[in-house]
Structures are given as C-alpha cells and as structure tokens.
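Chemist:
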Amino acid sequence: MVSASPNGPASPRGQTLLLDGITQRYGTSLAVNEVTLDIRGGELVALLGPSGCGKTTLLRIIAGFLAQTKGHVMVGGKSVDGLPPNRRSVGIVFQNYALFPHMTVAENVAYGLDARGVDRATQRSEAQRMLDLVKLGHLGDRTPRQLSGGQQQRVALARALAVNPSILLLDEPFAALDKNLRLDMQIEVKRIQRLSGITTILVTHDQEEALSMADRVAVLSQGRLEQFSPPTEIYDAPDSLFVNTFVGSANLLGGVLVDSDRSAGRVRLDAGGLIETRAPKGDLQPGSRVTVCLRPEHLSVDPVGDDAETLNGVVEMGLPLGATVVHEIRVGDGTAVKVSEPRIQRTDLLAPGTPVRLAPVAPRLASVFAAA
Amino acid sequence: MAATLRDVTTYDLKLAAPLAAGFVLFFVTPLVILLALSFQTDPQGGHYGLTQYVNFLGDSFSLGVLGSTLWLGVKVTVLTLLLGYPVAWLHQRSPGWARGLIMLLVLLPLLTSVVVRTFAWVVILGRQGIVNATLSWIGLIDTPLKLLYTEGGVVVALAQVQMPLMVLPIITALSRIDPNFADASSVLGAGHWRTFRKVILPLSLPGIVAGCLLTYAAAITAFITQSLIGGGQMLFMPMYIYQQASTLQNWPFAAAISIVFLVSVLVVVSIFNALGRLSRGYANA
Numbered sequence: 001m002v003s004a005s006p007n008g009p010a011s012p013r014g015q016t017l018l019l020d021g022i023t024q025r026y027g028t029s030l031a032v033n034e035v036t037l038d039i040r041g042g043e044l045v046a047l048l049g050p051s052g053c054g055k056t057t058l059l060r061i062i063a064g065f066l067a068q069t070k071g072h073v074m075v076g077g078k079s080v081d082g083l084p085p086n087r088r089s090v091g092i093v094f095q096n097y098a099l100f101p102h103m104t105v106a107e108n109v110a111y112g113l114d115a116r117g118v119d120r121a122t123q124r125s126e127a128q129r130m131l132d133l134v135k136l137g138h139l140g141d142r143t144p145r146q147l148s149g150g151q152q153q154r155v156a157l158a159r160a161l162a163v164n165p166s167i168l169l170l171d172e173p174f175a176a177l178d179k180n181l182r183l184d185m186q187i188e189v190k191r192i193q194r195l196s197g198i199t200t201i202l203v204t205h206d207q208e209e210a211l212s213m214a215d216r217v218a219v220l221s222q223g224r225l226e227q228f229s230p231p232t233e234i235y236d237a238p239d240s241l242f243v244n245t246f247v248g249s250a251n252l253l254g255g256v257l258v259d260s261d262r263s264a265g266r267v268r269l270d271a272g273g274l275i276e277t278r279a280p281k282g283d284l285q286p287g288s289r290v291t292v293c294l295r296p297e298h299l300s301v302d303p304v305g306d307d308a309e310t311l312n313g314v315v316e317m318g319l320p321l322g323a324t325v326v327h328e329i330r331v332g333d334g335t336a337v338k339v340s341e342p343r344i345q346r347t348d349l350l351a352p353g354t355p356v357r358l359a360p361v362a363p364r365l366a367s368v369f370a371a372a
Numbered sequence: 373m374a375a376t377l378r379d380v381t382t383y384d385l386k387l388a389a390p391l392a393a394g395f396v397l398f399f400v401t402p403l404v405i406l407l408a409l410s411f412q413t414d415p416q417g418g419h420y421g422l423t424q425y426v427n428f429l430g431d432s433f434s435l436g437v438l439g440s441t442l443w444l445g446v447k448v449t450v451l452t453l454l455l456g457y458p459v460a461w462l463h464q465r466s467p468g469w470a471r472g473l474i475m476l477l478v479l480l481p482l483l484t485s486v487v488v489r490t491f492a493w494v495v496i497l498g499r500q501g502i503v504n505a506t507l508s509w510i511g512l513i514d515t516p517l518k519l520l521y522t523e524g525g526v527v528v529a530l531a532q533v534q535m536p537l538m539v540l541p542i543i544t545a546l547s548r549i550d551p552n553f554a555d556a557s558s559v560l561g562a563g564h565w566r567t568f569r570k571v572i573l574p575l576s577l578p579g580i581v582a583g584c585l586l587t588y589a590a591a592i593t594a595f596i597t598q599s600l601i602g603g604g605q606m607l608f609m610p611m612y613i614y615q616q617a618s619t620l621q622n623w624p625f626a627a628a629i630s631i632v633f634l635v636s637v638l639v640v641v642s643i644f645n646a647l648g649r650l651s652r653g654y655a656n657a
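Taken in sequence, the protein lines are chains D and G.
Numbered per this note's numbering, the first sequence spans residues 1 to 372.
Numbered per this note's numbering, the second sequence spans residues 373 to 657.
1) What does D/F65 touch in chain G if you count any residue whose Cβ is under 9 Å from its own?
2) At a CB distance below 9 Å, what residues from the segment 77–93 of chain D approach chain G? Give them in sequence order.
3) Just list the alpha helix (DSSP H) runs in the segment 172–247 of chain D, keeping only unbroken ones of 4 residues or longer that don't cross its boundaries, in chain order.
4) My assumption, with CB atoms under 8 Å, is that D/L299 sits in contact with D/V339. Please give the rounded CB distance.
5) Taking a contact to mean a Cβ-Cβ separation below 8 Å, would you say D/S212 touches D/Q186 in this structure?
6) Counting only beta-carbon atoms, is G/G563 nearer than 8 Å to chain D?
7) Between which residues of its own chain and D/R216 is the CB-CB distance below 7 Å, once the five residues before and five after are set aside?
8) Taking 6 Å as the limit between beta carbons, can you name the residues of its chain near D/L55, skipping five residues before and five after?
9) Between D/P303, D/A372, D/D333, which has its C-alpha nearest D/G272's C-alpha?
10) Around the C-beta of D/R88, are 16 or more other C-beta atoms found within 10 angstroms, so that it is buried, or is it exposed?
11) Any C-beta of chain D sitting closer than 8 Å to the C-beta of G/R489?
12) Please work out which residues of its chain come closer than 6 Å, Cβ to Cβ, to D/Q68, disregarding the five sequence neighbours upstream and downstream, and give them in chain order.
13) For the candidate residues D/T199, D/D261, D/A63, whose alpha-carbon lies nearest to that of G/N552?
14) Is D/A351 helix, strand or coil by DSSP?
15) Along chain D, which residues have their Cβ under 7 Å away from the Cβ of G/V571?
16) With distance defined between alpha-carbon atoms, name the residue in G/I596, G/A646, G/A626, G/V571 nearest to G/T413.
17) Hey, quick one: how far does the beta strand (DSSP E) through D/H327 stretch, first residue to last?
18) My understanding is that D/N251 touches D/P296, with C-beta atoms under 8 Å, so please give their C-beta distance in whole angstroms.
19) So with Cβ pairs under 8 Å, would you call G/P467 a contact of chain D?
20) Below 8 Å between beta carbons is the criterion; list the residues of the segment 567–592 of chain G that meet it against any residue of chain D, in chain order.
21) Would you please verify whether the beta carbon of D/Y111 is less than 8 Å from any beta carbon of chain G?
22) Decide if D/T28 is buried, meaning its Cβ has at least 16 other Cβ atoms within 10 Å, or exposed.
23) Do you know how far the Cα of D/Q345 is from the Cα of D/D259?
24) Determine the DSSP secondary structure at G/Y521, reduced to helix, strand or coil.
25) Locate the beta strand (DSSP E) running through D/K70, then write down its first and last residues.
26) Please name the residue, chosen from D/R343, D/N312, D/G322, D/A323, that lies closest to D/V331 on a Cα-to-Cα basis.
27) Using the Cβ count rule (16 or more neighbours within 10 Å means buried), how would you classify G/W493?
28) By the DSSP assignment, the alpha helix (DSSP H) with G/C584 in it spans what residues?
29) Taking the Cβ atom as the reference point for each residue, do D/R159 and D/V90 lie within a distance shorter than 8 Å?
30) Could you name each continuous alpha helix (DSSP H) segment of 4 residues or more that falls completely within the segment 416–449 of chain G, going from the start of the chain to the end?
31) Anyone know if the C-beta pair for D/A127 and D/G140 falls short of 8 Å?
32) Does the CB of D/V163 have a neighbour CB from chain G at under 8 Å?
33) Below 6 Å CB to CB, which residues in the same chain sit around G/V448 once its five sequence neighbours on both sides are set aside?
34) Is it a yes or a no for the segment 616–634 of chain G touching the segment 558–573 of chain G, going by three-plus beta-carbon pairs under 8 Å?
35) For D/D171 and D/L284, which I take to be in contact (beta-carbon distance under 8 Å), what is that distance rounded to the nearest angstrom?
36) In whole angstroms, what separates the C-alpha of D/E316 from that of D/T291?
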C-alpha cells in the first residue's frame with residue numbers, strides 16, 4: 001500500500017478547503033448530515049463510501065451545482081456559498097469524462113480559457129502546454145471519440161487543470177477503466193496532482209483507490225462522516241464498525257468486555273478465549289456486549305494446545321492465493337473466520353476437519369465496538 | 373452462419389411484401405401516372421411534350437405561387453423553431469410531473485382534427501375574434517385589426533398546428549445530451565448563455581434539423597389551414613393544384629405543377645438532410 005505522509009508539505013499553490021457543518025436535505029431524507037472536513041492546501045482527500053453515502057452530493061455542493069441546506073464551503077478561507085459553479089474556480093473530472101464531442105481535444109482543453117476571455121494565441125499555447133503535461137501533446141486535433149478511455153481521461157484532466165482551478169474534483173474518475181490501465185492512471189493522476197500542488201477531492205467507492213491515492217480518507221456512510229484520517233489509520237485503527245468492515249475485510253466476533261483502559265481492552269469471546277484488543281470505541285462498561293473485529297492477517301493458525309483460554313475451531317477450507325494462504329475456520333459459536341498468512345510461513349494447506357487454535361499475531365490489533 | 377443470415381433476409385422481405393405491394397399500388401403507380409399526365413400537351417389528351425412545364429416556368433404568376441409557398445414554409449419553420457425550442461428546453465429541465473403536462477400540451481394539437489383546429493383559429497383571428505376583442509377592450513385599438521385572411525395569420529396558425537413536429541425531435545435530441553456536458557461547461561467558467569450556445573445548441577442540431585424538415589414539409593402542403601386562414605386572396609401551391617385539377621379540369625397542368633412542387637420540396641428536403649448528416653457528425657458521441 002502506498003501511503004503518502006499525512007503531514008506532507010502543503011503546496012503554496014494549493015488552496016485550503018473547509019466544509020463546515022454541511023447538511024443536505026432532500027425532502028425528509030438527509031443526504032449529507034453535518035459533515036465537517038478541514039482540508040489542507042495541496043492535499044489529496046478521498047471521499048469514500050458505498051453508493052448513497054452522500055459523497056457525490058458533497059462533490060456537487062463543493063462545485064456549486066447544489067446549494068447546501070446548512071453549513072458553509074470555504075475555499076482559501078473565503079466563503080463560496082453564494083457563487084455559481086462558473087465563478088467557483090473548481091475543476092472537475094467526471095466519471096464519463098464529459099468531453100464535448102463536437103470539439104477537438106485542443107478545443108476541449110481551451111474551452112475554459114475561452115470562457116474566461118483569454119485571447120486565441122494564449123488559448124492555443126496553454127492548451128498545448130496542458131496536453132503536453134498529460135503526455136497527449138500530439139493528439140490535439142483529434143476528436144474525443146477517436147481516443148481510448150485512458151486518453152480521454154487525460155484530456156478531461158488537462159481540461160480541468162487548464163483554467164488553473166483552486167480545487168480539483170475527481171468523480172469516480174477510474175471506474176470506467178480496466179484494471180491495468182486504472183493503476184497506471186492512478187499513478188499518473190497522483191503525479192500530476194503532486195506536480196501542480198492542487199488541492200484535490202477524489203470521490204470513490206473503491207477502497208483500494210482511496211487508500212493508495214489519498215493523503216487522508218474521509219469515510220462516509222448514510223450521509224455521516226464516519227472517520228477522516230490517513231489511510232493507514234483508517235485501516236489499522238477504524239473509528240467505527242462500519243469503517244472496519246467497509247475498508248479491508250474483517251472477521252466479526254461477539255463477546256463481552258472484561259475490562260479496558262485508555263490504551264487497551266480485554267474481551268471474552270463467545271467462541272472461546274480471552275483476547276487483548278485496542279481500546280474500545282465509545283463509552284463501554286465492563287460486562288457490555290461488544291463486537292470484536294479481527295482482520296484475516298491479524299490471526300495465525302496454530303496446533304490445538306492444552307490452554308483452555310483460546311479460540312478453537314475446525315478447518316473448513318484452505319485456499320492458496322499466491323503470496324498468502326487463506327484458511328476458513330469454523331469456531332466455537334459457529335462463525336466462519338478467515339485467516340490469511342504469508343505462504344513463506346505456511347507452506348502446507350491444512351486439511352478440512354483439522355482442529356486448530358487461532359491466536360492473534362500480536363496483542364492489541366483487534367478493534368472493539370459496541371455490539372450492533 | 374451465412375445460410376442463417378440469408379434465411380433471415382428472405383423472411384424479412386416476405387413480411388414486408390404486403391406493405392410494398394400497397395406502396396407500389398397506391399403511391400408509385402399514381403406518381404408514374406401523374407408524371408405521364410404532366411407531359412400531355414392538351415387536357416383532351418393526345419400529344420406529349422414539355423408544354424405544361426414551359427407554361428408553368430414561363431408564367432410569373434405560377435412562379436410567384438411556388439415562391440410564396442416555399443417562402444411560407446420558411447417563415448412557419450422559423451417561427452415554429454423559435455417558439456418550439458424553448459418548450460423542448462423547458463420540458464428537458466422540468467421535474468417529472470411537469471414533463472408529463474408539457475408533453476400533453478405539445479401533443480394536444482395532434483389529438484384534435486385539423487379542421488377543428490383551423491376553425492378555432494378563424495374564431496381567434498376573426499374581426500370579432502378573441503384577439504381583436506381583447507385588444508379593443510384594453511383600448512389599444514379602435515377598429516378591429518385584419519388578422520384573418522392575412523399571411524401572418526396563416527403563419528401563426530400553421531406554426532401552432534405543426535408545433536409537435538418541431539418540439540418532439542428537439543426533446544429527443546436534448547434528452548440524449550449528457551447532463552454532465554452542461555455541468556462541465558459551467559465549472560469551466562461558462563455562464564448559461566455560453567453553455568447553451570457552445571454546447572447545448574450544437575449538440576441538439578440533429579433534432580433541430582429533423583424538426584425543421586418535418587415542419588417545413590407539413591407547412592407547405594397544409595391545404596386546409598392555408599385555404600381556411602388564408603382565404604381567397606392568397607394562393608399557395610396545394611390550392612393552386614386543386615383549382616387546376618378540380619375547377620378548371622386542366623389535369624395535365626395540375627400534374628405538371630404537382631411535379632414541380634414535388635421536385636422543389638425534394639430539393640429543400642435534401643438540403644435539410646445534408647445539414648442533418650453534417651450535424652450528426654457530432655451528436656451521438
């Protein structure tokens with residue numbers, strides 16, 4: 001996983017973006033509920049969540065297509081609430097790129113400059129410069145339809161950047177690309193974003209994309225902000241059960257909280273065994289029902305021992321997945337638990353039916369949340 | 373595979389046969405007869421030649437009728453476009469229930485008989501009609517305006533009658549335009565007018581061309597509306613043909629001017645079609 005430093009240098013060109021208590025109401029339903037995001041200049045922030053979580057609504061509010069019911073949008077410390085989209089200095093790359101089909105590639109890129117009254121010669125040279133930046137300098141005379149998906153996306157990026165916007169919005173920009181091309185384009189977009197130092201919001205439902213590209217990830221669910229943290233923190237220290245299960249995969253085990261302090265907790269699992277966890281989220285008293293989240297790579301499969309305080313189970317199936325081996329283990333309370341181990345450590349698959357003991361590879365990896 | 377394809381083709385042709393037969397019998401044959409008739413030099417029959425065409429093309433009155441008919445079509449088409457495009461635009465921009473209402477209003481003229489619609493215009497435009505009554509009640513006029521039996525009246529009535537033919541293709545064209553185009557244009561700094569002029573209008577051209585084509589063809593051949601609203605003083609090609617054939621029994625001349633009219637319309641239609649092909653170049657992206 002490529003994770004950029006959350007405290008990376010903010011570019012002098014990048015404008016800060018503050019979403020201050022944004023609420024969007026459609027009739028009686030809340031599409032966005034009190035979302036506050038303080039985004040640094042030059043930062044690349046991913047809005048991550050399943051469809052209907054409000055991420056696209058937020059994007060449309062930032063762009064000015066929608067006027068939020070409540071809250072403020074501040075760019076570079078100034079409110080842009082009353083401004084229409086054409087006066088917000090925002091660039092957007094749409095999911096389908098939305099390149100104007102009746103114009104050439106160069107005309108598409110120059111469109112924003114033309115709208116700003118820039119003279120023809122400057123339009124042409126600027127469009128050429130932007131196309132060179134996205135490595136399509138030789139295709140200016142083509143029409144968008146004559147380009148491949150990846151090329152169209154580069155043109156869309158060049159068009160958005162040509163007007164030198166304060167904020168760049170990327171709306172699921174890689175969704176339409178096939179997998180190999182997607183990775184290339186993600187690296188390319190990240191390169192250009194770093195180069196231009198523009199504050200960028202990436203809207204996506206693809207967690208890998210969000211984790212790999214963003215400096216910080218804002219996870220949204222049902223219009224609420226679940227967590228806003230650097231990618232590694234989102235993965236390792238999720239704030240909520242939703243984040244834990246939405247990002248990466250997780251085994252959920254029921255249990256009872258034995259005791260906890262600020263740094264750690266202990267949970268007796270229904271399936272057997274006492275497990276040392278991270279500090280529980282929320283105000284949980286000893287004795288409360290909790291859900292423990294263990295990622296597949298947090299566990300190892302060991303031979304059954306004599307110790308009674310362990311999580312025991314029976315192997316259901318083993319799958320060799322290239323670099324890792326995944327075993328599915330049926331534990332005491334009937335839950336199927338996935339365990340992923342490096343194949344260097346485990347060369348043989350365990351036969352179905354083998355009784356095993358599951359142990360965390362290190363203490364305090366598991367997250368604990370109030371039982372749903 | 374090839375055999376299957378051929379089977380499919382023969383099957384299709386058989387299915388189309390009844391329609392094709394009807395087409396040949398009731399369209400192609402009369403057209404051929406019409407063409408043959410137009411070369412008769414005399415209503416009583418006998419010799420064949422170009423006399424009728426020479427008569428028509430050498431007669432400034434006849435050419436005037438042709439010219440004013442084609443020109444009438446242009447005026448109606450322009451008026452219909454100017455009034456229809458905003459309606460199509462409004463339809464595109466409206467919420468669901470309003471769309472249904474607009475569509476109903478657009479289609480309403482098609483649901484009424486053309487004779488009824490035209491007589492409604494007679495009532496509206498007449499000396500004691502709604503327009504004159506309203507204007508004199510407001511006090512803008514003392515004596516009634518002459519609206520009926522004027523070309524302006526014909527143009528307005530035809531524009532209303534042909535409106536669906538203009539609005540429907542434009543609605544279709546507008547609905548095919550990705551809404552992201554307008555959004556993209558606007559974030560790039562374009563105001564509403566520039567977005568319309570540079571993006572929406574060019575991309576809706578195929579609909580405009582189709583609408584103009586239908587409206588034009590319908591307007592210049594609209595016998596009933598032209599005659600009832602235009603009255604006796606104005607003569608357009610359909611009435612001219614009718615007079616020659618029915619009143620004067622000069623079938624060869626009626627046939628000849630029909631052919632001339634047909635060819636003129638075909639020329640205009642081909643021009644529109646060429647425009648349509650050009651504009652289709654950048655729609656349907």
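Using N, Cα and C, we set each Cβ at its ideal position, and we do this for glycine too.
This structure is a prediction, so every number in the text was calculated from the model and none was measured.
Modeler: Well, looking at it:
1) D555, S558, V559
2) P84, P85, N86, R87, R88, S89, V90, G91, I92
3) 179–196, 207–213, 231–236, 241–246
4) Contact between D/L299 and D/V339 holds: CB atoms are separated by about 4 Å, below the 8 Å threshold.
5) Cβ distance < 8 Å, so D/S212 and D/Q186 count as in contact.
6) yes
7) Correct list, in chain order: P6, E43, V45, F228, S229, P230.
8) Note on identity: in this sequence residue 55 of chain D is Lys, with Leu being the wrong assignment. Here the set comprises L47, G49, V203, L220.
9) It is D/D333.
10) buried
11) no
12) I22, Q24, I61
13) Among D/T199, D/D261, D/A63, the Cα nearest to that of G/N552 belongs to D/A63.
14) coil
15) F100
16) Selected option, being the one with the closest Cα: G/A626.
17) 324–331
18) 7 Å
19) no
20) K570, V571, P574, L575
21) yes
22) Exposure of D/T28 is indicated by the presence of fewer than 16 other C-beta atoms within 10 angstroms of its C-beta.
23) 33 Å
24) coil
25) 70–75
26) D/N312
27) buried
28) That run of the alpha helix (DSSP H) goes 577–592.
29) no
30) Listed in chain order, they are 423–429.
31) Contact: yes.
32) Chain G contact via Cβ: present.
33) V527, L530, A531, A591
34) no
35) Not really, about 38 Å apart at Cβ, beyond 8 Å.
36) Cα to Cα, D/E316 sits roughly 23 Å from D/T291.
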